[in-house]
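Protein sequence lines correspond, in order, to chains H and G. Heads up: the first sequence at position 207 corresponds to 207 in my numbering, and the numbers run straight through without jumps. Heads up: the second sequence at position 412 corresponds to 781 in my numbering, and the numbers run straight through without jumps. In what follows, a single structure is set out as structure tokens and then discussed.
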Amino acid sequence: MSGTKLRIALLWLLVPVSAIVLAFAVSSIALLAIGADPVAAFSSMASYGMKPSSLVSTINRAVPLFVAGLAVAIGFKMNLFNIGVEGQYRLATLFAAAAGAAVTLPAPLHIVFIMLVGMVTGAAWASIAAILKVKRGVHEVVSTIMLNSIATGLGAYLLSNHLRKPAVGSELLIATPPIPKSGWLPALAVIGGEELRSFLLIAVVLGIAVYMLIWRTRFGYDLRASGINPDAARASGVDPDRMVMRTMLISGGIAGLIGMSDLFGFFHAYTLDLPTGLGFEGIAVALVGLNHPVGVAIAALLFGWLDRASQILDLEGIPKEVITITKGVTILSVVIAYEVVKRLVQAQQIKAAAEATRELEVQEEAVAA
Amino acid sequence: MVERAAAVELKGITKTFPGVIANDDVNLTVRRGEIHAVVGENGAGKSTLMKILYGMLRPDSGSISVDGSEVHFRTPKDAIASGIGMVHQHFMLATNFTVLENVVLGSEPSHAGVIDLGAARERIRELSESYGAALDPDRLTEDLAVGERQRVEIVKVLYRGAQILILDEPTAVLVPQEVEELFRHLRELKAQGVTIIFISHKLDEVLEIADSITVIRAGRTVTTVDPADVTARQLAELMVGSELPTPETRESTVTDEVVLSVRGLGVLVGERWALKDATFDIHKGEIVGIAGVEGNGQRELVEALMGLRKPDAGTISLAGTDVTQWPTRQRRENGIGYIPEDRQGRGLLLPSPLWENTMLGHQTLYPFSRGPWVNKRGAREQTEHLISEYHVMTPGPDTPALALSGGNQQKLIVGREMTAWPKLLIAAQPTRGIDVGAQAAVWEQIREARAAGLALLLISADLEELIGLSDTLYVILRGSLVAKLDPATVTPQELGSYMTGAQEAASA
């Protein structure tokens, strides 16, 4: 058995290894095609990306991606495709920033309050898609994509007409009023001039909580059962409508935290400079991370590092968009390699079970004789 | 009898799948123009052998000869070109097509790219009438009865020029009267020189129709016999290699305590009552059997009882409490167990470990969970206990369910429902597709649970199982319970005529 277990573990290792090898191979071809030297490009990326300040920046970039990946992954676990994480987090960040600026609270409570507003907003926005699915049978992919557009428009309207900081003099900045210092999170450390944002710690706790929820609770069991075999889950007593509602609310609630690291650690207000597209990138991160919090963390770090390290390419005269190809190929090859390896692993498991069964039968016959 | 050239000769066929030897040096010789039965238990390797002959699988070793010359099939197309056709157990028909469209599907006759159905229509009439089974080419397939659909499948194969016909368990879906009709058609086809390979595990039928019988056991050919020389019992013993179990229950354990009381239960599917005014009781210690051709409302009945479908009329009471509006989980928690008809589709999480499968349906109860948390240790212990008590052949509770054979998967499902000590167990096809050994074990467990006071609703296509196990037997036809019969006196023949509506409602 231990031999089989080792073989299975090695097979699983094939997934990330083959994905990364393939991703860099295809990116190299793209680089060669535009007349750049892939070795030079990757080695300058490696030396720039390994600088301490780059590693800190990588983590800072990875944290929102990780949270976004978790929000998407929890839906994926039951085959619920929350494509609306993007809209959910952008509205949530806006409301959280505006609410955070409007109240005066002692430091830890202020942080908790802002996070709660974000989670409630994200969950509320996600609940629209959930209700449409449960009551009217609207597929969540369609409704969440449309709700993303609505969220963008609604956010822009609210920001410029209701939540915008009153202009001082000739200032043109479109932003919510600043959150008081009690609603800031101090840097965890400053390395090579880069601040390591302390929302990292909250994200780690969140990752552990999501892991516990999916793999240790009854709710998580029902969630996974619904994803693996919805008919069997239903026959076992899982109410599919309630499951959709709850999962969508949790996913939207987590999505509401995506912008918090930037809000607490850098911007302290909702501005047009806040990063966008994190919700969509979260889908990629969840796919590459195979919907497991540890995998999502690794994928978020990989994507964060590629973002940071690719900044150097512009200085070398290479378009850093090449890295988009690297990311795309990584996603595709992980998904394909995962399916292939899954089949190989299952064949191993079937073989092991058949062998063990034969031994058991021989033993039973010996006892009977 | 004059020795004629062999239509099909399989020599030394071996085929292995990961961990399983499906065929081990199998030999089979089928003479031209005979009906040759291949019998064996489920899992004996009959289907694999036929898939090899039909080009769906390639053997690891061995040779296939058709009419004396060796062939190498890579796809069913090659087999069809050699005049071999197969009628699958599960029909492969598009129900929204007419008979004609289904028959030509995949080999449409055309003139300059335009489908020409006129000639095909005539050919279908000719073919079907030539063996005494008239088929209207323009009828919609969904309007046809099961027996007629099977005829469409046979015509479809003949239309493609098959001279060697493989029928995989053709009687599994038919009631006795339809079987008689099928046999008439097969004899007619034989008279026209068609060679028929007939796969079955129903021995009476095989003895009736076959000219020779090859027995397969555990992937090997045991022997080929002349049906005149063997009895059904001898044949069965050749198949199993040991003595046979029977499904009979012994003395009655029925009490007068009502566990399930169903009154006027109805389910609408669209405009039609798929289940209509169903009224019956199940007592403590009683097994109530439901006989019926598939698709006559059994599914709707089970789903309404499990809370998977809201009934449109009537009430369901469990031990005196009205549970009609209860969700599935509440019914489960209050002692309704469920063995679904489709064990992989509804009963298992295939990629998940066995301990997670043991929990399924009982995940809110001790020892599987504690408050909101899954109790992995409790679930694993319960699974280990179940593995040993129900003889599930597996390395352990962490093996994924997909690694188990069908019989062992079924033993796990039966075990998990039984060990939860339900008040009421709804068992749909509990022994379908499992081998004789596992079947006997399931029957024994049902009997023991009945003696311990279980109320059981048994829905089965196996008439002997229904007659042997049930204390009370109902026949369901077009959504209605049309007859209540005494299993002690009813014969499978009588049951069959009630199931098709040939015999109208009466009470025993």
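Virtual Cβ for every residue (Gly too), placed ideally from N, Cα, C. As the structure is a prediction and not an experimental result, all values here were calculated from the model.
Between W742(G) and chain H, is any beta-carbon pair separated by less than 7 Å? yes
So K853(G) is in the alpha helix (DSSP H); what residue range does that whole segment cover?
Unbroken run through K853(G) is the beta strand (DSSP E), S849 to L854; no alpha helix (DSSP H).
- Message: Which residues of the region 680-698 of chain G have a Cβ closer than 8 Å to any Cβ of chain H? Give them in chain order.
- Response: P696, T697 and R698
Output yes or no for whether 7 Å exceeds the beta carbon distance between H110(H) and G183(H).
yes
| task | Please name the residues in the region 349-360 of chain H whose beta-carbon is closer than 8 Å to at least one beta-carbon of chain G, in chain order. | result | Q349, I350, K351, A352, A353, A354, E355, A356, T357 and L360
**Message:** Assuming R378(H) is part of the beta strand (DSSP E), what are its boundary residues?
**Reply:** Chain H is shown from 1 up to 369; residue 378(H) falls before or after that span and cannot be answered.
Going along chain H in order, which residues have a C-beta closer than 8 Å to the C-beta of G714(G)? Result: N229, D231 and A232.
By DSSP, does Y500(G) sit in helix, in strand, or in coil? coil
Got a sec, what are the start and stop residues for the alpha helix (DSSP H) L273(H) sits in?
The amino acid at residue 273(H) is misidentified as Leu; the sequence shows Asp. Unbroken run through D273(H): none, as it is neither H nor E.
Is DSSP giving H441(G) helix, strand or coil here? coil
Along chain H, in chain order, which residues have C-beta atoms closer than 9 Å to that of Y735(G)? Neighbours of Y735(G) on chain H: none; closest Cβ ~12 Å, over 9 Å.
Contact set for L31(H): own chain, Cβ-Cβ below 8 Å, skip 5 residues either direction = Around L31(H), the same chain offers D37, P38, A41, I318 and V322 as residues with beta carbons nearer than 8 Å, after the five sequence neighbours per side are excluded.
For this session: Using a threshold of 7 Å, state whether the C-beta atoms of Q778(G) and R701(G) are closer than that.
Result: Their beta carbons are not under 7 Å apart, which means Q778(G) does not touch R701(G) by this criterion.
Could you list which residues in chain G have their beta carbon closer than 8 Å to that of R218(H), in chain order?
-> Within 8 Å Cβ-Cβ: Q732, T733, S738, P741, W742 and V743.
Strand pairing of L567(G), partner residues [DSSP]: The sequence shown places Phe at residue 567(G), not Leu. F567(G) is bridged to A406(G) and L536(G).
* Can you check whether the CB of R715(G) is closer than 7 Å to the CB of T564(G)? -> no
Relative to the C-alpha of G49(H), which candidate in R343(H), R308(H), L290(H) and A353(H) has its C-alpha closest? Looking from the CA of G49(H), the closest CA among R343(H), R308(H), L290(H) and A353(H) belongs to R308(H).
Worksheet item: Of all the CB atoms in chain H, is at least one closer than 7 Å to the CB of T593(G)?
Response: Taking Cβ atoms only, chain H never reaches closer than 7 Å to T593(G), which makes this a no.
Straight-line gap, G87(H) to G689(G) (C-alpha atoms, nearest Å):
If you take the alpha carbons of G87(H) and G689(G), they lie about 51 Å apart.
Worksheet item: Taking just the CA atoms, how far does K351(H) sit from Q546(G)?
Response: 43 Å
Worksheet item: With 7 Å set as the bound, which would you pick, yes or no: does the beta-carbon of R701(G) sit closer than that to a beta-carbon of chain H?
Response: Look at R701(G): its C-beta is under 7 Å from a C-beta on chain H.
| query | According to the neighbour-count rule (16 or more other Cβ atoms, all chains shown, within 10 Å of its Cβ), is Y735(G) buried or exposed? | reply | Around the beta-carbon of Y735(G), fewer than 16 other beta-carbon atoms lie within 10 Å, marking it exposed.
task = Give the residues from the region 763-782 of chain G that approach chain H closer than 9 Å (Cβ to any Cβ), ordered along the chain.
result = T763, P764, G765, T768, P769, L771, A772, L773, S774 and N777
*Collapsed DSSP secondary structure at L159(H) in the structure displayed*: L159(H) falls in the helix class under three-state DSSP.
| message | Quick check on DSSP: helix, strand or coil for G259(H)? | response | Look at G259(H) here: in three-state DSSP terms it is coil, with no helix or strand label.
Take G562(G) as the anchor and find which of R668(G), S499(G), L717(G) and L723(G) has the nearest alpha-carbon. S499(G)
Requested in this report: Tell me where the beta strand (DSSP E) around W695(G) begins and ends.
Outcome: First-last for W695(G): undefined, no H or E at that position.
Item to complete: Identify the continuous alpha helix (DSSP H) that holds T684(G) and give its terminal residues.
Response: Where T684(G) is concerned, there is no enclosing alpha helix (DSSP H), although the beta strand (DSSP E) it sits in stretches over A682 to L687.
Self-check item: For L576(G) and D598(G), the rounded distance between their alpha carbons
Solution: 10 Å
List the residues of chain A whose Cβ lies closer than 8 Å to the Cβ of Q346(H), in chain order.
-> Looking at the structure shown, chain A is missing, and the protein chains on hand are H and G.
query = Quick one: does P709(G) have its CB under 7 Å from some CB of chain H?
reply = yes
message: Under 7 Å, CB to CB, which of the residues in the region 231-251 of chain H have a partner in chain G?
response: Within the region 231-251 of chain H, the qualifying residues are D231, A232, R234, A235, S236, G237 and D239.
Q | Extent of the continuous alpha helix (DSSP H) to which A101(H) belongs | A | V85 to A102
* Short Cβ contact (7 Å threshold) for V329(H) with A23(H) -> yes
Relative to the alpha-carbon of L677(G), which residue among V692(G), L864(G) and A660(G) has its alpha-carbon at the smallest distance? V692(G)
Would you mind giving the Cβ-Cβ distance between S581(G) and T593(G), rounded to the nearest angstrom? I have them listed as a contact below 8 Å.
6 Å
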